[in-house]
Amino acid sequence: GAVVSQHPSWVICKSGTSVKIECRSLDFQATTMFWYRQFPKQSLMLMATSNEGSKATYEQGVEKDKFLINHASLTLSTLTVTSAHPEDSSFYICSARRDRGPFNEKLFFGSGTQLSVL
Amino acid sequence: DAKTTQPTSMDCAEGRAANLPCNHSTISGNEYVYWYRQIHSQGPQYIIHGLKNNETNEMASLIITEDRKSSTLILPHATLRDTAVYYCIVSQTGNQFYFGTGTSLTVIP
């Protein structure tokens, strides 16, 4: 149990377009989800905390207008990279914390989305 | 910000125990110690976590010192598939996870 599905696994887009990445908790409810980005050979960097029914909380230095987060339901959060540029190319990973039940103190991670902006 | 310090890399012979250390000297009383690993181009995989007591599951053992300022993840019989980057994270229940640089473990045949 406790599966987090992330879609798409990889995406290639042209510079200036927007890309949406979905993160779903398949078998549990998650009021809180998190979005990370990871550059090659580097660690995961927390971008924002996504809260169902309210605005996301962004980490310092992350542009909220660039990375739009919507957490419309207890099982779905989306990250939209707006007006993508080559420097936005990265591996994006979501994670979710289950609202109740066993192991609700740990995070479950999606498999990641590799974004390449041409 | 990450509150942990780990060695950058380690090697381990296949079949031997891999012992991965982590320092978290500023850990507070209600923060858990979590271990995750990441295989190239995948999302992090949960391994184990603990608060005060040592923990063991089917993947690994977690040894936390009495003062809780450091811990060791033990993979009892390392296999080639255990080659990955291992992250030690400290966090309170409900809080964010901040990743440090992790330890790149290479299991050698």
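Quick note, the sequences are listed as chains A and B, same order.
Residues 1 to 118 in my numbering are what the first sequence spells out, letter by letter.
Residues 1001 to 1109 in my numbering are what the second sequence spells out, letter by letter.
No residue lacks a Cβ here, since even glycine has one placed at the ideal position from N, Cα and C.
Beta-carbon to beta-carbon, I1063 (chain B) and I1074 (chain B) are separated by about 7 Å, close enough to satisfy the 8 Å threshold.
The beta carbon of H1040 (chain B) sits closer than 6 Å to no other beta carbon from its chain once the five residues preceding and following it are set aside. Residue burial is scored here from C-beta neighbours: A1018 (chain B) has at least 16 other C-beta atoms within 10 angstroms and is therefore classed as buried. Taking every protein chain shown into account, the CB of F1097 (chain B) has 16 or more other CB atoms within 10 angstroms, so this residue is buried.
For the set A:V3, A:Q42 and A:Y36, the Cα lying nearest the Cα of A30 (chain A) is the one of A:V3. The residue from A:R24, A:F34 and A:P40 with its alpha-carbon nearest to that of L115 (chain A) is A:P40. Here G1094 (chain B) is actually not in contact with T1004 (chain B); their C-beta atoms are around 19 Å apart, not less than 8 Å. Using a C-beta cut-off of 8 Å, the stretch 48-59 of chain A makes no contact with the stretch 1042-1059 of chain B, since fewer than three inter-stretch Cβ pairs fall below that distance. For F28 (chain A), none of the residues of chain B pass the 8 Å Cβ criterion, the least Cβ distance being about 14 Å. Counting along the chain, no beta strand (DSSP E) covers R1068 (chain B), and no H or E run does either.
Cβ-Cβ distances below 7 Å link P1109 (chain B) to E1014 and L1080 in the same chain, with the five nearest sequence neighbours on each side left out; the list follows chain order. Judged by DSSP secondary structure, P1021 (chain B) falls within the beta strand (DSSP E) whose first and last residues are A1018 to N1023. For the 7 Å CB-CB criterion, L79 (chain A) and I69 (chain A) form a contact. Here E87 (chain A) carries a helix assignment [DSSP, helix/strand/coil].
Interface annotation, P1076 (chain B): not in contact with chain A, CB-CB separation never under 7 Å. If you check the CB distance, C13 (chain A) and S77 (chain A) do not come in under 7 Å.
For H1077 (chain B), no beta strand (DSSP E) segment is defined, and its DSSP state is neither H nor E.
Contact annotation: in the stretch 12-44 of chain A, residues whose CB is within less than 7 Å of a CB in chain B are F34, S43 and L44. In the same chain as H1077 (chain B), and ignoring 5 residues on each side of it, the C-beta atoms closer than 8 Å to its own belong to G1015, R1016 and A1017, in chain order. In the DSSP assignment, M1059 (chain B) falls outside any beta strand (DSSP E), carrying neither H nor E.
At a Cβ-Cβ threshold of 7 Å, Q6 (chain A) and T82 (chain A) do not count as neighbours. Taking 7 Å as the cut-off, the beta carbon of T1103 (chain B) is found closer than this to the beta carbon of Y1086 (chain B). With respect to V11 (chain A), A84 (chain A) sits apart: the two C-beta atoms are not nearer than 7 Å. Flagged as an interface residue toward chain B: E105 (chain A), by a C-beta distance shorter than 7 Å.
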